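Colleague: If you count by numbering that gives the first Met the number 0, then the sequence shown holds residues 0 to 485, one letter each, in order.
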Amino acid sequence: MLLTSAYPALLLAVLALWAACAPAALGRLRRRLAAAEPATAFLLVALVLAALALRAAHPAAHRVFDDEFEHLDAARRISSQGIYGVAVTGGRPDWSVYAAPTWPAGHHAALAAWMLVAGPTAAAAKLWSALLSALALLLIFWATWEAFDDQHAALAAVFAWAALPLAARYAAACDLTSSSLFWSAAALAAIHARERAPSAGLDAFASLTLLYAVQVRPENAVLIFYFFAVCSRRILVLPAVLGALIPASIALSNHAQAVAGYAAADFAPLTYLLSHIRPDLMFLFSLPVFTPLALAVAVSVRRPKIMPLALLSAAYFVLYACFFRGDFSRGAEDRYALSVLLPLAVAAAGGLAAVARPAVLLFLILGFISPPPAEPVEHERARRLLAAAAASLDAKTVVIGFNASKLLETAHRPAASAYFVLEDFEGFKRSLTGAGAGPALALWKDWGYRYRRADGERLEKLLSKRCAASVVARDGDDELVIFTPR
């Protein structure tokens, strides 16, 4: 109850306090920009606006498998009902069951607030992520300028980030990527602004920013250690330390429920670390921007503030490498590399200060010659297959799969989680009758089915006992099967 109702309300209150502190904090950035060279402010604004336009205009493909649908669903629940949950069943009147999500609610609470203004649509969520991704450029500039007091070096860091196709690839995805990067960059900007010009307003802004960053992704807890190392007023980290207890409790709950990545069988951090170090380093060096950033850090690592930032980047690297999905070279796991690259880009600016203008030109060239973002052809094709095939089903037919949120969003039919059906099949059938659903059931067999093949086959065997099966649509390994009572 506390997780599903009190937690999102608390986060919205923190977000409101942060928004109240933001104008005064941003006033410092505005004053610094007013005193900067006119070309600096012009280039920065042009870059942010260009990034926003490109990110918002990019097709709304779902790039991270099923996660986006669940994040979108959770934000809608907060926006419309004030509860933090993900659909297990839904699509029929009075036939909705929600489960507590397996991640902190920072992204979802902020997106829910945005939805109150822009509407609860997938397009609104896409625009929100694109906006955060573009604003991250502004925050990287601010963090770098405050850390090294060099506007040209700060521009070099912004151009380095803008030259990353990897950052553009996930910019408009409705997962945690853009949100986490925004709050991480905001935390770095806030703490360095506070250290350069201490004030009560910047104290509150930095403390609240760190607190919220930890609520977006639990791995952002490493920022607490960074704040503790560089902040001259360490009491500012206390709210974030206390706030980190919530992500920790969610992780413990995930472990108890044997959620993938948290189950005892999946918890082998040292094994994962040793197996992921090499491919992760190879992946980073395959990015054209990474080598000049790493060299800039290496040649100037003795300068003040560079070592803590480099250690923060290394901490993110080790943390993700210890994760069972921490191989950056596999599928959508490459998005985790962005958390490693962000503090590295800020740190590199210290080494690029003497050659800032050539560095800007270099990153501009690298941006032009870097390969464009890859499209998730396989998963987007499966999504289109489901949408087209489901349109031919009766409006009362319930579709079963391993992500009810995706089914509701894509198939536009009543949907149920496979695990909800497996837990109590007879009870599920009774609930269908009470909800006025049709007698036929459909099973969506996509990568989620294949990933959990043992459970999927058990479900299919259960449905086949009483129903005749026929394939409605198939494309490669993906298929939609309808089960009609004999």
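In this text, a Cβ means the ideal position worked out from N, Cα and C, and glycines have one as well.
Predicted model only: the values in this text are computed from it and were never measured.
(1) Determine, using beta-carbon pairs with one atom in the segment 37-55 and one in the segment 125-143, whether at least three such pairs fall under 8 Å.
(2) Which residue's Cα is closest to the Cα of residue 219: 27, 69, 186 and 146?
(3) Can you tell me whether residue 495 is helix, strand or coil according to DSSP?
(4) Does the beta-carbon distance from residue 345 to residue 122 come in below 9 Å?
(5) Once the 5 residues before and after residue 221 are set aside, which same chain residues still bring their CB inside 8 Å of it?
(6) Which same chain residues end up closer than 6 Å to residue 369 when comparing Cβ atoms and leaving out the 5 residues on each side of it in sequence?
(7) Comparing C-alpha positions only, which one of 54, 5, 293 and 105 sits nearest to residue 182?
(8) Is the CB-CB distance between residue 158 and residue 330 below 9 Å?
(9) Three or more beta-carbon pairs under 8 Å between the segment 280-294 and the segment 239-246, yes or no?
(10) Are the segment 23-38 and the segment 290-299 touching, with three or more C-beta to C-beta distances below 8 Å?
(11) Using a threshold of 9 Å, state whether the C-beta atoms of residue 189 and residue 205 are closer than that.
(12) Roughly how many angstroms separate the alpha carbons of residue 491 and residue 430, rounded to a whole number?
(13) Alpha carbons only, please: which of 24, 8 and 383 is nearest the one belonging to residue 199?
(14) What is the DSSP secondary structure of residue 340, reduced to helix, strand or coil?
(15) With a CB to CB cut of under 8 Å and the five nearest residues on each side skipped, what residues in its chain are close to residue 458?
(16) Are residue 107 and residue 379 touching if we call contact CB-CB under 9 Å?
(17) Just to confirm before moving on: does the CB-CB distance between residue 132 and residue 166 stay below 9 Å?
(18) Considering only residues of the same chain and omitting the five flanking positions on each side of residue 228, which have a CB-CB separation below 7 Å?
(19) Relative to the alpha-carbon of residue 67, which residue among 363, 153 and 85 has its alpha-carbon at the smallest distance?
(20) Which runs of the alpha helix (DSSP H) at least 4 residues long sit entirely within the segment 242-318? Give them in chain order.
(21) What number of angstroms, rounded off, separates the C-alpha of residue 102 from the C-alpha of residue 175?
Modeller: Checking against the coordinates, here is how it stands:
(1) Short answer: they touch.
(2) Counting from one through the sequence shown, the residue named residue 219 turns up at place 220. Closest option to residue 219, Cα to Cα, is 186.
(3) Shown here, the chain extends from 0 to 485; a query on residue 495 therefore has no answer.
(4) The residue you call residue 345 lines up with position 346 of the sequence shown. The residue you call residue 122 lines up with position 123 of the sequence shown. Contact check for residue 345 against residue 122 fails: the beta carbons are separated by 9 Å or more.
(5) Here residue 221 refers to the residue found at position 222 of the sequence shown. Only 311, 314, 315 and 318 meet the Cβ criterion.
(6) Taking the sequence shown and counting its residues from 1, one reaches residue 369 at position 370. Residues of the same chain with a CB within less than 6 Å of the CB of residue 369, apart from the 5 flanking positions on each side, are 164 and 287 in chain order.
(7) To locate residue 182, count along the sequence shown from 1; it is residue 183. Nearest Cα to residue 182 within the set 54, 5, 293 and 105: 105.
(8) Translated into the one-based positions of the sequence shown, residue 158 becomes position 159. Translated into the one-based positions of the sequence shown, residue 330 becomes position 331. No; because the gap between Cβ atoms is not below 9 Å, this pair is not in contact.
(9) Under the Cβ criterion (8 Å, minimum of three pairs), the segment 280-294 does not count as touching the segment 239-246.
(10) These segments do not touch.
(11) The sequence position of residue 189 within the sequence shown is 190, counting from 1. The sequence position of residue 205 within the sequence shown is 206, counting from 1. With respect to the 9 Å criterion, residue 189 and residue 205 are classified as neighbours on the basis of their beta carbons.
(12) Nothing in the structure corresponds to residue 491, since the chain is present only between 0 and 485.
(13) Working through the sequence shown from its first residue, we reach residue 199 at position 200. The shortest C-alpha separation from residue 199 is found at 24.
(14) Taking the first residue of the sequence shown as position 1, residue 340 is located at position 341. Three-state result, residue 340: helix.
(15) Here residue 458 refers to the residue found at position 459 of the sequence shown. Answer for residue 458: 399, 417, 420, 421 and 442, listed in chain order.
(16) The sequence position of residue 107 within the sequence shown is 108, counting from 1. The sequence position of residue 379 within the sequence shown is 380, counting from 1. Not a contact, by the Cβ cut-off of 9 Å.
(17) Locating residue 132 in the sequence shown gives position 133, where the first residue counts as 1. Locating residue 166 in the sequence shown gives position 167, where the first residue counts as 1. With a cutoff of 9 Å on beta-carbon distance, residue 132 and residue 166 are scored as near each other.
(18) Here the question's residue 228 lines up with position 229 in the sequence shown. Closer than 7 Å at the Cβ level, and outside the excluded window around residue 228, lie 307.
(19) Within the sequence shown, the letter at position 68 stands for residue 67. That would be 85, whose Cα lies nearest to the Cα of residue 67.
(20) 244-255, 268-285 and 289-298, all fully within the segment 242-318.
(21) Residue numbering aside, residue 102 sits at position 103 when the sequence shown is read from its first letter. Residue numbering aside, residue 175 sits at position 176 when the sequence shown is read from its first letter. Cα-Cα distance, rounded: 10 Å.
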